[in-house]
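Below: one structure, written as structure tokens.
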Amino acid sequence: MKRILFGLAVVAAASIVTAGPASARDYRYCLQSLHIGIPGDCSYSTYRQCRAAASGRNADCFLNPRVAFSRSYRHHRR
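Under this note's numbering, the first residue of the sequence shown carries the number 485, and numbering increases by one thereafter.
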């Protein structure tokens with residue numbers, strides 16, 4: 485029994501050590517309403533997804549300000 489618990493503890497510790505941080509992602513569209521606020525629920529990658537979530541909720545979809553005003557770091561070839 486002690487061996488099993490020790491083995492589980494080793495596996496748990498190894499999985500915690502190897503797990504990296506969650507990658508942050510700025511989704512393109514935000515759902516806004518009087519109850520959600522600004523910038524709103526920015527968890528929609530397409531306008532269609534956002535509009536489907538807004539349907540019947542007195543809410544609207546807008547472009548995520550973090551995406552709209554972010555700098556583009558693309559380098560153009562000459």
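Every residue gets a Cβ at the ideal spot worked out from N, C-alpha and C, and that includes glycine.
What residue range is occupied by the uninterrupted alpha helix (DSSP H) comprising residue i?
i           : result
residue 511 : Looking at the DSSP string, residue 511 is not in any alpha helix (DSSP H), and its letter there is neither H nor E.
residue 535 : 531-538
Rounded to the nearest angstrom, what separates residue i and residue j at their Cα positions?
i           : j           : result
residue 545 : residue 531 : 7 Å
residue 517 : residue 554 : 23 Å
residue 519 : residue 485 : 53 Å
residue 557 : residue 550 : Per-residue confidence for residue 557 stands at a pLDDT of 45, beneath the threshold of 50, marking its modelled position as unreliable; no derived number is given.
residue 527 : residue 515 : 8 Å
residue 511 : residue 529 : 5 Å
According to the neighbour-count rule (16 or more other Cβ atoms, all chains shown, within 10 Å of its Cβ), is residue i buried or exposed?
i           : result
residue 524 : buried
residue 536 : exposed
residue 548 : buried
residue 538 : buried
Quick one: what does DSSP say residue i is sitting in, helix, strand or coil?
i           : result
residue 489 : helix
Taking the continuous beta strand (DSSP E) assigned at residue i, which residues delimit it?
i           : result
residue 518 : That residue, residue 518, is in no beta strand (DSSP E); it is neither H nor E in DSSP.
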